[in-house]
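Its first residue numbered 532, the sequence shown is counted upward by one per residue in the working numbering. Glycine included, each C-beta is placed from N, C-alpha and C at the ideal position.
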Amino acid sequence: MLSEEQVLEFWDKKKVYKKVKNSLKNKKQFTFLDGPPYANGKIHLGHAWNRTFKDIVLRYKRMNGFNVNDR
Numbered sequence: 532m533l534s535e536e537q538v539l540e541f542w543d544k545k546k547v548y549k550k551v552k553n554s555l556k557n558k559k560q561f562t563f564l565d566g567p568p569y570a571n572g573k574i575h576l577g578h579a580w581n582r583t584f585k586d587i588v589l590r591y592k593r594m595n596g597f598n599v600n601d602r
C-alpha cells in the first residue's frame with residue numbers, strides 16, 4: 532500500500548494536475564468564487580462542513596468534464 536506522500540510525489544512527478552487542467556481547458560467553464568474564511572466570528576464545525584461541501588462540488592464538476600476555475 533502506498534502512503535499519501537508517495538502518491539503526491541507520483542502526481543507531482545507525472546504532472547497529473549497540470550495534465551488534467553490542460554485536458555479540460557476547452558470544455559464548458561464552471562467558476563466558483565469563495566469568500567474569505569471565518570469572516571463572522573470564531574471557527575466552528577459549520578466552517579469545516581462548508582469547505583468540505585465546496586470541495587466536493589468542485590471535484591464533482593471537474594470529474595464530469597468541466598473546466599473548473601476555483602478561487
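- [ ] Would you mind sorting valine 599 into buried or exposed? The rule is 16 or more other CB atoms within 10 Å of its CB.
- [x] With 16 or more Cβ atoms within 10 Å of its Cβ, valine 599 is classed as buried.
Open item on the list: When you compare the CB positions of lysine 561 and lysine 592, do they come within less than 8 Å of one another, or not?
Closed with: Residue 561 is actually phenylalanine in this sequence, not lysine. Less than 8 Å separates the beta-carbon of phenylalanine 561 from that of lysine 592.
Open item on the list: Measuring straight from C-alpha to C-alpha, what distance separates arginine 590 and asparagine 571?
Closed with: The straight-line gap from Cα to Cα measures roughly 27 Å.
- [ ] Taking 8 Å as the cut-off, decide whether the C-beta atoms of aspartate 601 and phenylalanine 563 are in contact.
- [x] The answer is yes: Cβ separation under 8 Å.
Task: Same chain only: Cβ atoms within 7 Å of lysine 558, ignoring 5 sequence neighbours per side - done: So the qualifying residues of the chain are Gly596, Phe597, Asn598.
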